[in-house]
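> Here it is, the structure, as structure tokens.
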Amino acid sequence: MSGELLLEVKDIHCGYDGVPVIHGVSLEVRSGEIVALIGANGAGKSTTMRTIAGLMHAASGTIAFDGADITKVPAYSIVARGLAYVPEARRLFSKLSVRQNLEMGAFTVKDRGEVAARLDRAFRLFPVLKDRAGQIAETMSGGEQQMCAIARGLMSNPKLIMLDELSLGLQPSIVEKVLETVVEIRKQGITVLLVEQLVQEALEIADRGYVIQTGAIVHQGTAAELLASPEVRKAYMGM
Amino acid sequence: MDIRKFLSKYGWPLLLAALAALPLVGLVGPGFSSHVLITILLTAAMAQAWNLIGGYGGQVSFGHSVFFGIGAYGAAFAVCVGKTTPWPGVIVGALLAAVTAVIVSYPCFKLKGHYFAIATFAVVEIFNRVFMIWDWVGGAVGLDYTILEDGWRNFTWSVDKRGYYLGALALFALVFTVTRVIERSRFGYYLRAVREGQETAESLGVNSTGVKLTAMALSAFLAALCGAFFAQYNFRVDPPMVMSLDMSMKFVLVAILGGIGTFWGPLLGALVLIPLQEYSRAYLAKLGSGVDLIIFGLIIILMMVYQPGGILGILTGTKARKARLRARLAAEGGAK
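Protein chains in written order, with our numbering: chain B, 21 to 259; chain X, 10 to 345.
Spelled out as structure tokens, the structure:
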């Protein structure tokens, strides 16, 4: 499971308008892994993701991806380096069709043939999207929209895809379906960093996990260790 | 081929051909109705230029009178101070407007939504004051044209309006064609992506600031061409006439009335608003000045309350609702 180091976040601190939210988060993702970042609402999971994606920048600490420092790199050029971010609540272009949404994901690619090939791969991974290719995104069900958002993230052909709160607003049976596709994505050789509130479900598919609480990592370990840990079980699974 | 497909493919060139034929059949001449026609075409072009960044890009700018004004001053300066034809002034003015747009918008784009709109208000005031006290371009008095020889060289016609009509038509055709090309290009997608969600667009690799600045520069360039036409048509220019919130509002309101972010919206808005404005000004003037503005304001309020999609929203509203419903039913049926 332990390939080379792909993403290394070292002691980042950041906040919104001077209010600190993250106090020294460090984490690592190795290529080929599924890593879950778990924690309660407001713990700083999404802020960590957004900082890695370059949508906001850390006040201190460093982020390295694929051997290069990306701490101060703007979001739009991080994508081109092979790091895709699927934002929370999907954020599809609601008035565009599924196909147009996916094509937007391949923004950095100028070659039409390459875009078509990636579109094809996305449709193979999510056959339901192929049937819905011409449909306007906002008219699909929540689960389908989430799949569309993931597929859009994959269109940039990333080495690492970050998935923010896939389960948001989805019914449990659909969550399971969506998480299954995450395993499928890894089979394609794409590394996954997952943010989830649904701790149990996330750890069931992940290799390793980090538990974040009020802006700091409080536990880390393999998914099996975390699932067995009494603190984690008590705090997040109500057992 | 059914009628809708036919219109979407050939509607635009057919409309242009019909408009170009109007003078040939003697429908355009020296009269008031020709003035109304010219004003409709000019206003539609202005609103469409604004629509590029304001509608498709979702950045509601109240600063377009500045770019319009720079274009107007470009032409007038070439004629009144440079003692030459307006053409070099038109080009220089439009380029200057594009550069100004980039310089002014760069800091403003750090602001989002309403805050961006408010910042652009301030920009108009600043430019208005500067041009008021800037003697080199005529100060508050502005620039007055001397009598020039009629024709395309000077872009001046003293009685017959056919030349102006064709000029306005060319301007209208240019702005609308540019919009159509952009609307159907990759750049058009990115622009709409930025409007729908700037962060999402960024996280897909779209340089949203770059996209917005490009659209703004193009929009300002086209608005400046409209301004140059306006100066040529009125034989004069002064700051309140071109660089004012009144003028900025015209850009915004016509597009909103017609249907913001749509290809036909600006034309529909101008088609309704301009005849109303011109004829009410002509026939209701005895009721006091500003009656046209009262009517103008009323229509906008009613539109905002009942149909934010504009005239185009009224025309297509029920159809779009039905289509959405059908799509939803189909989606639910498929999910089972």
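The C-beta atom is built at its ideal place from N, Cα and C for all residues, glycine as well.
1) Output needed for residue 238 of chain X: all residues of its chain with C-beta closer than 7 Å, excluding positions within five of it in sequence on either side, in chain order.
2) Listing by chain order, which chain X residues have their CB less than 9 Å from the CB of residue 41 of chain B?
3) Which term fits residue 170 of chain X, buried or exposed, when burial requires 16 or more other beta carbons within 10 angstroms of its beta carbon?
4) Would residue 274 of chain X count as contacting chain B if we go by Cβ distances under 8 Å?
5) Helix, strand or coil for residue 57 of chain B, going by three-state DSSP, please let me know.
6) Hey, residue 220 of chain X and residue 199 of chain X are a contact pair by Cβ (cut 8 Å); roughly how many whole angstroms apart?
7) Rounded to whole angstroms, what's the CA-CA distance from residue 82 of chain B to residue 90 of chain B? Just pull it up for me.
8) Assuming residue 104 of chain B is part of the beta strand (DSSP E), what are its boundary residues?
9) Kindly indicate if chain B contains any beta-carbon less than 8 Å away from that of residue 9 of chain X.
10) Apart from the five residues just before and just after residue 301 of chain X, which ones in its own chain have a Cβ nearer than 6 Å to its Cβ?
11) Please check the pair residue 189 of chain X and residue 272 of chain X, which I expect to be a contact at CB under 8 Å, by giving their CB distance rounded to whole angstroms.
12) Apply the 10 Å Cβ neighbour rule to residue 26 of chain B and answer buried if 16 or more other Cβ atoms are within range, or exposed otherwise.
13) Any beta carbon of chain B sitting closer than 8 Å to that of residue 224 of chain X?
14) Anything in chain X within Cβ reach of residue 85 of chain B, meaning under 9 Å, just list it in chain order.
15) Under the three-state reduction of DSSP, which class applies to residue 84 of chain B: helix, strand or coil?
16) Tell me whether residue 154 of chain X sits in a helix, a strand or coil according to DSSP, three-state version.
17) Under 7 Å between beta-carbons, which chain B residues line up against residue 64 of chain X? List them in chain order, please.
18) Comparing C-alpha positions only, which one of B/119, B/236, B/187 sits nearest to residue 220 of chain B?
19) What residue does the alpha helix (DSSP H) around residue 117 of chain B start on, and which one ends it?
20) Which partner residues does residue 232 of chain B have in the DSSP bridge list?
21) Opposite residue 213 of chain B in the DSSP bridges: which residues?
22) Does the beta carbon of residue 167 of chain B fall short of 7 Å from some heavy atom of the ligand HEM?
23) Less than 8 Å between CB atoms is the rule here; does residue 202 of chain X satisfy it with respect to chain B?
24) To which residues does DSSP link residue 48 of chain B through a beta bridge?
25) May I ask you to verify whether the segment 228-246 of chain B touches the segment 70-85 of chain B, counting CB pairs closer than 8 Å and requiring at least 3?
26) Tell me the DSSP bridge mates of residue 77 of chain B?
27) Which whole-angstrom value describes the C-beta separation of residue 111 of chain X and residue 222 of chain X, a residue pair presumed to lie in contact below a C-beta threshold of 8 Å?
28) Is the Cβ of residue 325 of chain X closer than 8 Å to any Cβ of chain B?
29) Could you give the C-beta distance for residue 141 of chain X and residue 131 of chain X, rounded to a whole number, given that I count them as a contact under 8 Å?
30) Can you grab the Cα-Cα spacing for the pair residue 58 of chain B / residue 35 of chain B, in whole Å?
31) If you count every other CB in all the chains shown that lies within 10 Å of the CB of residue 39 of chain B, and 16 or more means buried, which is it?
32) What is the residue span of the alpha helix (DSSP H) that residue 198 of chain B lies within?
33) Could you name the residues of chain X that residue 107 of chain B contacts, counting a contact when the two beta carbons are closer than 8 Å?
34) According to DSSP, is residue 345 of chain X helix, strand or coil?
35) Would you kindly report the start and end of the unbroken alpha helix (DSSP H) that includes residue 101 of chain X?
36) May I have the straight-line CA-CA distance separating residue 150 of chain B from residue 55 of chain B, to the nearest angstrom?
In short:
1) Same-chain partners within the cutoff: 51, 176, 177, 180.
2) Residues of chain X whose Cβ lies closer than 9 Å to the Cβ of residue 41 of chain B do not exist; the shortest such Cβ separation is about 17 Å.
3) The C-beta of residue 170 of chain X has 16 or more other C-beta atoms within 10 Å across all chains shown, which makes the residue buried.
4) Interface flag for residue 274 of chain X against chain B is unset, since no Cβ pair is found closer than 8 Å.
5) Strand at residue 57 of chain B.
6) Between residue 199 of chain X and residue 220 of chain X the Cβ distance is about 5 Å, and since that is below 8 Å, they are a contact.
7) Cα-Cα distance, rounded: 8 Å.
8) Its beta strand (DSSP E) spans residues 103-106.
9) Lying outside 10 to 345, the shown extent of chain X, residue 9 of chain X is not represented and no answer is given.
10) Hits under 6 Å: 286, 289, 290.
11) About 6 Å separates the beta carbon of residue 189 of chain X from that of residue 272 of chain X, a gap short enough to meet the 8 Å contact definition.
12) Looking at its Cβ environment, which holds 16 or more other Cβ atoms inside 10 Å, residue 26 of chain B is buried.
13) No, residue 224 of chain X does not count as interfacial toward chain B.
14) Neighbours of residue 85 of chain B on chain X: none; closest Cβ ~14 Å, over 9 Å.
15) Secondary structure at residue 84 of chain B: strand, using DSSP grouped into helix, strand and coil.
16) In the structure shown, residue 154 of chain X sits in coil (DSSP, three-state: anything other than H, G, I, E or B).
17) Per Cβ cutoff of 7 Å: no residues; residue 64 of chain X is ~13 Å from chain B at best.
18) Cα-wise, what sits closest to residue 220 of chain B is B/187.
19) Careful: residue 117 of chain B lies outside any alpha helix (DSSP H) and carries neither H nor E.
20) Residue 232 of chain B is bridged by DSSP to B/237.
21) DSSP lists B/55, B/182 as partners of residue 213 of chain B.
22) For the structure depicted, the ligand HEM is absent and the ligand set is empty, with no information on it obtainable.
23) It does: the Cβ of residue 202 of chain X has a partner Cβ on chain B nearer than 8 Å.
24) The secondary-structure analysis by DSSP pairs residue 48 of chain B across a beta bridge with B/28.
25) Contact between the segment 228-246 of chain B and the segment 70-85 of chain B is absent: fewer than three C-beta pairs spanning the two stretches fall below 8 Å.
26) DSSP links residue 77 of chain B through a beta bridge to no other residue.
27) Contact check for residue 111 of chain X and residue 222 of chain X: beta-carbon distance about 5 Å, within the 8 Å limit, so the pair qualifies.
28) Residue contact with chain B for residue 325 of chain X: absent (no Cβ-Cβ distance below 8 Å to any residue of chain B).
29) No, residue 141 of chain X and residue 131 of chain X are not in contact; Cβ-Cβ is about 16 Å, not under 8 Å.
30) In a straight line, the C-alpha of residue 58 of chain B is about 19 Å away from that of residue 35 of chain B.
31) When all chains shown are included, residue 39 of chain B counts as exposed.
32) The continuous alpha helix (DSSP H) containing residue 198 of chain B extends over residues 192-207.
33) Taking a Cβ-Cβ threshold of 8 Å, the residues of chain X close to residue 107 of chain B are 208, 209, 212, in chain order.
34) Note that residue 345 of chain X scores 35 on pLDDT, short of 50, meaning its location in the model is unreliable and no value can be drawn from it.
35) Element bounds for residue 101 of chain X: 96-117.
36) One C-alpha to the other measures close to 29 Å.
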